[in-house]
Every structure is written in C-alpha cells, then in structure tokens.
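Everything on this sheet refers to the single structure shown next.
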Amino acid sequence: MDDESRDPHAQLRALYRSLLERQSHFDEFKQLLALYPQALPETTEEPEEAAMIRERLNSRISEWIGGGFNGLNVVQVLQWRAIVVEERFNVVLSPWKESNGW
Amino acid sequence: MLLRQELDQLYAAFCETLPSPLQVGARELPYRLRMAISPEVPWSEVLGHEVTFAAPAVFSEAMPGIAPAKVRDAVLAHALAVIDGFGTDRLEDRQIPASAEIREILSHIRNARDRALARVASSTSREPIQFEKAQCDMLEAIHDEQRIMSEHGFADFAIYERIAGGKTAIGSPASVALARAAGWNEYRCHAVARALSAVWLGMQYHDDVLDWEDDFKRDSSWAVVLAREVTRGEATPRASGHESARALVFESGILAQMLERSFRYFRAARKRAEVLGARELAAWARTKEDYAMWLAQQERQNSGYAVRLQALSPWVTKVLS
C-alpha cells in the first residue's frame, strides 16, 4: 500500500510542508496562483492560458515534493488562490488579533 | 452563563443607557472600528479569548466567597476598558477616520467603566483603584509608538515592552479591584496585575510576529524596528522596501526571538496563575506557552514560518482537517 492510498491527502500534506518550510516555494506558489484567473465560468472550459499556468504550477509542486504529484485540478487551484492570494478566508480576525493595540 | 453571552448582554445593556442618537453607533462599534466584517457582529465574536474580555472572571474561581454581582461589575468594567482601548488606539493611530460620534461613544464607555469599577470597590476601605493612571499610560505609549514608527527608528526589547505594557495597562485594574474586594492581600493583588501583564505581553509579541508584514505596509512594524536595533552596526538592508525589510527581519532572527519572549511571558503568566489558584487561566496559559515554544523553534529553523503558517491555516481547516 502506498502513501497516497493510506492517506488521500499525503501529496497535499507534502505540498503544505514544502510551503511552510521554504519561503521561496511559498512566494513562487503565490505568484503563480496570482496569474491564474480569479474565477472561471462553470459552463466553459478552462482557458488555454489558465491551463498552462496550472500545468506550470503542478510541475513546480512536483519538483518541490520530490515527484509523484497528481496535480491540482481547477477547483483546487481556485481554492488555493482564494486563500493565499485573495486571503478571502482570512477576513475574520485571528484569535490573537485582539491584542493589537493594547 | 457563558462569558461570551454575558459580554454581549452586558454591552447591549450599556448601549440601552446611551442617548438615542448614539445607540446604533455603539451597537455597531466593532464594525465602526474595523474590527468586524459586518455591522451585526458582536464583541463576543471579535474578542477571541475569554481572558481578554473577561479577565476578572478567570480569577474569580479562586475567590469562592465573592458575590456574583461583583464579578459581573468587574467583567463589565474590564470589557469596557478593553473596548475603549481598541477604539482609542485606532483613533489615535488614524487606523479609522476621525469621528466625533465614536469619540462621544468612547467617552460614555469610559464613564460606564468607571462606575462599574467603583461598584466593585465599594465594599473595601483601601485606596480605590482607578483607570486614570492606566489611561494616561496607554495614551503616552500610543504616542511613543507613533513617534518611533514615524522616525523609522530603533528600539530594543526594553522599550518595546515598556510601550506594550503602557498600551495594555488598562487590562489590569478591574481584576485587581476584584481581588481586593475578595480580601486578597497586596502581594496577591500585585500577582494578579503581573500575571495579566505577562499575558498581554505574550499575546502582543505573538501578534507582532504574525502581523509584521501587514504592519510594515502601514509603517508600524515592531519586528522591523527591533531588527534594526539587533543588527545595528552590521551591514544589513535599510528596510525601505518590502523585500529589503524581509531580508532584514529574516537575517536578524528577530521573529524567533520575539516568539521566545512570547513563550517566556506565557510561562510567567502560567506560574503566577497557578500560585493564585486560577487553574483555568493557568491551563490556558500553558497551551499558549507550549505553542509559542514550538512556533519559535519552527521560526528559528525556517524564517517566516509563523507568517506562512497563518496564511495557510484556512486551507488546513478546509482541506486537511
């Protein structure tokens, strides 16, 4: 049994660790996500340019985690983009934010 | 009653006492201060930790004879002091536009705060505790911070802690007043103030690490100011742009140092809470102590780890948990 069948998130965990441990990976990841469209119409195919960016992103991730990466799909890339680039899910104040200013 | 519900009920009751034209603004104060994403968000959802908005209550478990009404008044006085602290800081620091309405609401908050504190202290013959000196310390600290930031200056940890201590000075009087009302001696009352001071510093260091890049964009990053100090005399970037600021902060190792100090202050708070019999506070401080130590180690090994951890946390919540 390989890692992926034991843990369906194994590759994503490896990506997460890579982003946490290397600022250069995090920066490049964020830059590539920023190039990807903010949203795609549900009825249309992924535009060619967006597909190329996603392919580039998946290629870099594969290098960072040592190969064997299945790739992020469109939905996953949009989700990452919303979190890392738009910080859309970080709008609620952090639990610690309250101590700012006093 | 849960402390969060009690906070919202106490604040709602306070709003009812205000002149009608101020009531809406007061109810929406978290939003008006840009601490909430919509007008209906109550304080209980803005203030993350009970120790922040209800510090007197976390000590009350060690005061078995204290009247619940005293605890409630102390919590009200403390919560209003904290809210006034947020508002004053944001106004003074121009994080929000100048507003006569908000200034008037804050004035009412301070009056209600002082009345609540007076009720806590009414049964003791000792010298009354007041917020006046803490308020002065807070304003002085805010202005000192503004001066250092505007000058793009240097500061060591002693200056940082003096200013952070001043900005959080209003976080102790209500709890100390409750301790006195419970008949605690001066040594124990002093320990309450020291424990809370350690909590606030532990939190402040942690926040100033996580927020350093956002703070830098507003010309108010303590990490950069401290990094300038620890690298003084070395050939380091001047931190005029984001990249050079990041190089300065990372190469100085200042973020790990700040997190180590956060760890030490949470440890101090935990030890004092244990001595005072405030077990819940001690347990809470223990979790913060452990986390700060772990995060400092990660930051030491991988510069920028804490900020990246924060940035990625929503993804972990949505995907991996």
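As given, the protein sequences belong to chains C and Z, one line each in that order. Mapping of the first sequence onto my numbering: position 11 corresponds to residue 11, and the numbering continues sequentially without gaps. My numbering runs 1000 ahead of the 1-based position in the second sequence. Ideal Cβ placement from N, Cα and C applies to all residues, glycine included.
For E1028/Z, same chain residues with a beta-carbon under 6 Å away, outside a window of 5 residues either side, are P1039 in chain order.
For W1284/Z, no CB of chain C lies under 7 Å from its own CB, so it is not counted at the interface with that chain. Using a Cβ distance threshold of 7 Å, V1058/Z and L1312/Z do not count as a contacting pair. By the 16-neighbour rule on beta-carbons within 10 angstroms, M1149/Z is buried. DSSP places Y36/C outside both helix and strand once states are collapsed to three, so it counts as coil. Neighbours of S1252/Z in chain C, taken as residues whose beta carbon is under 9 Å from its own, are absent, since the nearest beta carbon is some 15 Å off. Excluding the 5 residues flanking it on each side, E1140/Z has same chain C-beta neighbours closer than 8 Å at G1166, in chain order. Just so you know, the alpha carbons of F1086/Z and E28/C end up roughly 36 Å apart. Taking 7 Å as the threshold, the shortest C-beta distance from E21/C to chain Z falls below it. When DSSP states are grouped into helix, strand and coil, G1025/Z belongs to the helix group. Note that the C-beta distance between E1299/Z and L1255/Z is below 7 Å. Around the C-beta of E1016/Z, fewer than 16 other C-beta atoms lie within 10 Å, and the residue is accordingly described as exposed. Note on geometry: alpha-carbon atoms of A1055/Z and P1019/Z lie some 29 Å from one another. Residue environment for R1279/Z: exposed (fewer than 16 other C-beta atoms within 10 angstroms of its C-beta). Among the residues facing chain C, L1320/Z is included, as its CB has a counterpart in that chain under 7 Å away. With a threshold of 7 Å between beta carbons, F29/C makes no contact with chain Z. At least one CB of chain Z lies nearer than 7 Å to the CB of I83/C. In the DSSP assignment, E1140/Z falls within the unbroken alpha helix (DSSP H) covering E1132 to S1150. Fewer than three beta-carbon pairs drawn from the stretch 1097-1107 of chain Z and the stretch 1193-1200 of chain Z are found closer than 8 Å, and the two stretches are therefore not classed as touching.
About 12 Å separates the beta carbon of A1269/Z from that of G1171/Z, a gap too long to meet the 8 Å contact definition. Inter-residue distance for E63/C and N73/C is about 17 Å (C-alpha atoms, whole angstroms). Leaving aside the five residues that flank E1050/Z on each side, the residues in its chain whose CB is nearer than 6 Å to its CB run, in chain order, L1003. F26/C has a beta carbon lying within less than 7 Å of a beta carbon in chain Z. The C-beta separation of I1142/Z from D1089/Z comes to about 6 Å, placing the pair in contact by the 8 Å criterion.
Selection Q1146/Z, S1122/Z and R1115/Z evaluated against F1131/Z yields R1115/Z as nearest (Cα-Cα). For Y16/C, the C-beta contacts it makes with chain Z under 8 Å involve L1312, W1315, V1316 and L1320, in order along the chain. Distance from Y1265/Z to A1198/Z at the Cβ level is roughly 4 Å; contact confirmed, criterion being Cβ atoms closer than 8 Å. Residue environment analysis places E1151/Z among the exposed positions, since fewer than 16 neighbouring C-beta atoms fall within 10 angstroms of its C-beta. N1111/Z is outside the set of residues whose beta carbon lies under 7 Å from a beta carbon in chain C.
Counting the other Cβ atoms within 10 Å of the Cβ of K1318/Z gives fewer than 16, which makes it exposed.
Residue range A1100 to A1121 is occupied by the alpha helix (DSSP H) that includes N1111/Z.
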